[in-house]
Each structure stands twice: as structure tokens, then as C-alpha cells.
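Under mature numbering (1 follows the signal peptide of the UniProt record, and there is no 0), the residues of the sequence shown are numbered -26 to -1, 1 to 517, in order.
Here is the structure we will look at, set down as C-alpha cells.
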Amino acid sequence: MKYQPFLLRCLLLALLIGFLASCNQSKKQKFSVEDVPDPKKSGGGYVSNPDHLISDATVTELNEKLSTLDNAGKAQVAVVILRSIGDNETRDFAHKLFNYWKIGDKEKNNGLLILMVEDARKLEFETGYGLEADMPDIICFRIQQEYMIPRIKEHNYDAAFTDGVKSVASLFDNGNYAYDMLPDLPGADASLMATDSETVATDEIPPPVTAGDAIDVAPQSFASTEEATSSASNDYTGDFSFMAIIFWLFISAAMMHVFFGKKAKRRKENADEEPLAVTAVPNEFLRPRWIGLIIIHAIAFYTIFYLITKRHMDVGFLKVCLIYYLVWLVFMHVAVLLIMLRTAVMLKNDDRHLKWLRLEVLRRDLRIAGYIFPLPYLWLYIMWLKNRLNHLRNDVYDCPQCAQAMHKLDEAEDDTYLEKGQVVEEKLDSVDYDVWRCDTCNTQTVLNYTNMRSALADCPSCKHKTYKCKKTVTKQRATTSSEGWGIKEYVCAFCAYAHDYQFVIPKISESSSSSSSGSSSSSSSSSSWGGGSSGGGGASSSW
């Protein structure tokens, strides 16, 4: 009887294993080509990697290379990497998937499907009718065996598909799939050529090469081949990610705006303009703007140009991002040095309170940069700036009347010495007030410390930072032929003063509308394959 619980547990475990196995088996039996995610319908790529057997960086790199091959009209290649296809036969599955997606141009039939199924340990190439001459079955098999299967056996799927796609691209670009062995062709030897009017004398014919002579000649032959291969590698010019450049053009402009603010607009006197919110107040110590962007892009472009032309490197998306990050890192450290020099000069004659107000704007903008570039110098400067602001605000003041030390009242006590509008400002978190009182002569000093991240503005009526936009109404929408306009309704939370400010909506440019329609048509054309069909050619390899 004492074994009964143990036997019951074993029985339940066996039933559970059987249930899971049956579920897995039923799942395998139902797997079909419709279950394979089509990359064209999820971003317009060429790689389907639903089980994440290769890294995202490799997927990006493969998409770039295959896009170049497709845009050149040479071949449209689909790469599919699956953990399992159930109990389907891999060769038949590849043929069905090829025709289901219709890979390749409809007229050229230049499609190629590269399919790997991990649990079946199979690698399949399926070619379209138009590729059977340029890429016969034997070439498909050699690419698999020489460049992909050895890496797959090492479970290095990233290298396997990177090398395999490079080999396919080299076949269509250079006529040779062995991309890593492409020496320059040696020039024709003039001594071996003769015209129709010339005859070669018998005594000029070189004697037969003996075995001993062959041993002496062989090293020279290998040396010349090695020199030719080295020359070919030196002539290679790397490629770079154009999309990464575009990405960093936008990111750099955004970071320049966030870190240093924009130039303050000159406001006309007596003009009915929208009030300036506290968050829009720019720092006054350094605003590189377009000059800074030009410097950053120039250094990054030069570095990329050097790597692809002098170092013969491919600079993909991640490398471009790394280059830009390092350039920005150096730029921010140089900017901080300039800011330190300028603040020392510009704040020389200011009192403690004014220094705090001007430096707090700087800390507001650089605080985010400290998180993005958390390396010692910038981070230490931000920590020093925070400590400096703390001393400027909290160090004891001397009484202006009797020169005795004053003490700061707490938040509960200082409201007694504040005006009603100032109390409202504190409740709205637009301004925090410190009240210092002298115990000797009962003198009070009230100092305002503005919250530089507040969206409130100064009220034109009561002058308190309690003025806020309550509603934005579009009265007339902009078109390609005319501007639009609307109003922003501002209300003061203290004195209830209200006013409407009119704003202009710029015209919609025809170029932007046409480009948006063009981009949509481009994305729609790339959201499907070309309409090709399989010729049944290709190769299979196992590991």
C-alpha cells in the first residue's frame, strides 16, 4: 500500500507526457506553408525568422544584401529559418512555399528560396526557372557544403546564412560563388603570343620542365596567387547602411534640440503672441544648432568613408550607430568644456539666486544627456552641477539689515509670508518659494525658484506663472493651396484672466503629399513577391 502514491504519480506523469506528445504531434501534422510568416507582409524584408534562430542584426544585414540583389534585377532571394515544419518533407515543403509566395520576378522567374529546418537537420535550395542556367543544382550544392553546412554543424547559424548569402551574391555579381577566393586575373604573357606572320623559332622553345624544376617554380606560383588575392582584397570597397544614415540625421536633430534647446524667437512689442512657457526657455550658454550638426555629420561621414575605402570594411546598421554614438559622445564632452568656460565668465557678477535660475535651465537640458552618455566626464559634470545648485539654494544667507545668519522656513511656515498668487504657483508646481527670516531683526527674504520643466507661462494680467493653455481649436484646416488657422485658449488659474491666441497652420506642400503617396505605393509594391514560380531545381543537404 505504501507504493500506491508513488505508482499513482508515475501514472499521472505518463499520462501528462502522452498528452503533451499528442498535442505536439497534432501540431506537427497541421503545419503548412500558410503558417510561415511572410516577411513581405511584415516590413517588406526577405528573411523569415519566426523562431529567432538568427540574431536581429544578421536579419538586418541579410535584408540589406538581398535588397541590393533584388533591386539590381539579378535575383529575388527568400531566406526561411524554421525550427520545425511538423512531419512535412522538407523538399516538397520548399517547393510548395516557393510557389505559394511566388518568389522571383514574374517575367524573369529569378527566384531563390533558402530554407533551413532545424529539427529535420535539412538545408534546401529551391530555384526558379530563370536561375537554372546561372545557378545549376551542382552550384547550389557546393554553396551549401562549402559555406553553410560547416557553420550549421557548429550551431553558428548567423555565420552560415551570412556566408551563404555572400556566396549567392558573389555568383551573380562576379560569376563565381567562391567570394573569398577571387584573385585578379593575370595579364596575358606577350612571349606566348604570336601573329599570323610570325613563327616561333625552334631554339626559342623552352625545354620541358623536369620534376626538379617544378619544385623551384611552385613557390613562385603560390606567391603570385597570394599576391593577386591580396591585391583583390585591397581593391575592395566596403558597403554602408544608407538607412542608418537617414536614421541618425533625424535622431541627431532631435538630440540637438533636446540637449541645447532652440534659438529664442524675438518677440514684438505689443504683439498678440502666444506666451512663452517655462519649458521653452532656452539655455543661454551654448546652442550649437546647425553648426553642431554639420560638425557631427562631417566627422561621422569621414569615419565611414575611411572604413569602407581604406580599411575595406562593410559598415552596417549597427556599426553606423556605434560611429555616431562615439562622435556624439566626444561632441558632448567638448560642449561641456565650453559650457564650463562660458558659465564662469557669464555668471561672474550675478548673485546666488540669479545664478541658480540660469544654471537650472542648463541642468534641465543636460540631465537627459547624462543618461544617454553615462561616461565619467559628462556624468561627473552633471553631478557637480546638481551639487552646485544645491549650495546656491540652501547655503545660509546673511541678513541684509544686521548681517546675522538667517534660517529658512519649512513649507508649512513659509506660506504665511507668501502672496495668494505665489501660493497658487506652488500648488501648480510652477514655482517653489523659499522664505529666509532673520531671528534678530525679523527681516524676511522671499526667493522664487522656477520649475524649469513646467508648461505654465506668465499671466499678462497678474504676472504669476499660472497661465495655461486649456484648449486648442482648429478653425480652418490647411490644404495644398492655402494655410489653415486655429486658436489656443489660455486661462489664468489665479486671476481667471482668459485670452485667445490665433496661430497659423502651414500649407501642405505638394511634394510631401506626393512623396507620401509614392512611399505608400513603394511599400505596397514591396509588400509582396514578384510573381515567379519554381522550376524544381536546387539542392538538399543534411547535417
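Here a beta-carbon is modelled for each residue, glycine too, at the ideal position from N, C-alpha and C.
Check                                                                                                                                                                    : Outcome
Assign CYS376 to one of two classes, buried (16 or more other C-beta atoms within 10 Å of its C-beta) or exposed (fewer than that).                                      : exposed
Give the secondary structure of ASP132 by DSSP, where H, G and I count as helix, E and B as strand, and everything else as coil.                                         : helix
Sort out for me which residues DSSP pairs ARG411 with in a bridge.                                                                                                       : HIS381 and GLN418
Pull up the DSSP beta-bridge partners for GLY85, would you.                                                                                                              : GLN50
Whose C-beta lies closer than 7 Å to the C-beta of LEU383 among residues of the same chain, with five residues either side of it excluded?                               : VAL409 and ARG411
If we ignore side chains and look at the alpha-carbon of each, how far apart do ILE113 and TRP264 end up?                                                                : 53 Å
Would you call the stretch 437 to 454 in contact with the stretch 396 to 405, where contact means no fewer than 3 C-beta pairs closer than 8 Å?                          : yes
Where does GLN375 sit, in a helix, a strand or coil, going by DSSP?                                                                                                      : coil
Using the rule of at least 16 other Cβ atoms within 10 Å of the residue's Cβ for burial, across every protein chain shown, is ALA218 buried or exposed?                  : buried
Compute the Euclidean distance between the alpha carbons of HIS381 and ASP372, then round it to the nearest angstrom.                                                    : 9 Å
Give the range of the alpha helix (DSSP H) segment to which residue 531 is assigned.                                                                                     : Any property of residue 531 remains undetermined from this structure, which presents the chain solely from -26 to 517.
If you follow the beta strand (DSSP E) that TRP459 is in, where does it begin and where does it stop?                                                                    : 458 to 466
Could you tell me the distance, in whole angstroms, from the CA atom of LEU392 to the CA atom of ASN416?                                                                 : 16 Å
On the criterion of 16 or more Cβ atoms from any shown chain inside 10 Å, does GLY186 qualify as buried, or is it exposed?                                               : Caution is warranted here: a pLDDT of 44 is assigned to GLY186, below 50, making its placement in the model unreliable, and the coordinate value is therefore given only provisionally. By the 10 Å Cβ count, GLY186 comes out exposed.
Please give the ranges of any alpha helix (DSSP H) in the stretch 318 to 399, keeping only runs that are unbroken, at least 4 residues long and fully inside the region. : 326 to 346, 350 to 368 and 385 to 388
Among residues of its own chain, excluding the 5 on either side of GLY505, which ones have a beta-carbon nearer than 8 Å to its beta-carbon?                             : LYS76, GLY78, ASP79 and LYS80
Do you know offhand how far LEU56's Cα is from HIS69's?                                                                                                                  : 15 Å
Contact check, SER215 vs GLY290 under 8 Å by CB: the rounded distance?                                                                                                   : 5 Å
Compute the Euclidean distance between the alpha carbons of HIS327 and GLU35, then round it to the nearest angstrom.                                                     : 55 Å
For TYR153, which three-state DSSP category applies?                                                                                                                     : coil
How big is the Cα-Cα spacing for PHE146 and LYS48?                                                                                                                       : 7 Å
Please classify SER456 as buried or exposed, where buried requires at least 16 neighbouring CB atoms within 10 angstroms.                                                : exposed
Can you tell which of ILE461, PRO110, GLY235 and THR317 has the C-alpha that lies nearest to the C-alpha of GLU248?                                                      : ILE461
Using only the alpha-carbon positions, how far apart do VAL478 and PRO348 sit?                                                                                           : 40 Å
What would DSSP say about MET90, mapped onto helix, strand or coil?                                                                                                      : strand
Helix, strand or coil for THR101? Go by DSSP, reduced to three states.                                                                                                   : strand
Pick helix, strand or coil for residue 518, following the three-state DSSP scheme.                                                                                       : Since the first residue shown for the chain is -26 and the last is 517, residue 518 is missing from the structure and cannot be characterised.
Taking the beta carbon of PHE99 as the centre, do at least 16 other beta carbons fall within 10 Å, making it buried, or is it exposed?                                   : buried
When the Cα of PHE305 is compared with those of GLY266, ASP30 and LYS293, which residue comes out closest?                                                               : GLY266
Could you check which residue in LEU336, ILE356 and LYS449 has the C-alpha nearest to that of TYR345?                                                                    : ILE356
In chain order, what residues of the same chain lie with their CB nearer than 6 Å to the CB of ASP474, ignoring the 5 residues before and after it?                      : ILE461 and GLU463
Suppose the cutoff is 8 Å on Cβ atoms and the five residues either side in sequence are ignored; what does the same chain contact list for ASP369 look like?             : ARG326
Out of curiosity, what's the CA-to-CA distance linking PRO182 and ASP108?                                                                                                : Below a pLDDT of 50, predicted positions are generally treated as unreliable, and PRO182, at 49, falls in that range; the measurement from the model is reported next regardless. Those two C-alpha atoms are separated by around 39 Å.
So if DSSP puts TYR423 in a beta bridge, which residue, or which two residues, is it bridged to?                                                                         : ASP406
Please state the DSSP three-state secondary structure of LEU250.                                                                                                         : coil
Using a 10 Å radius around the Cβ and a threshold of 16 neighbouring Cβ atoms, would you call LYS481 buried or exposed?                                                  : exposed
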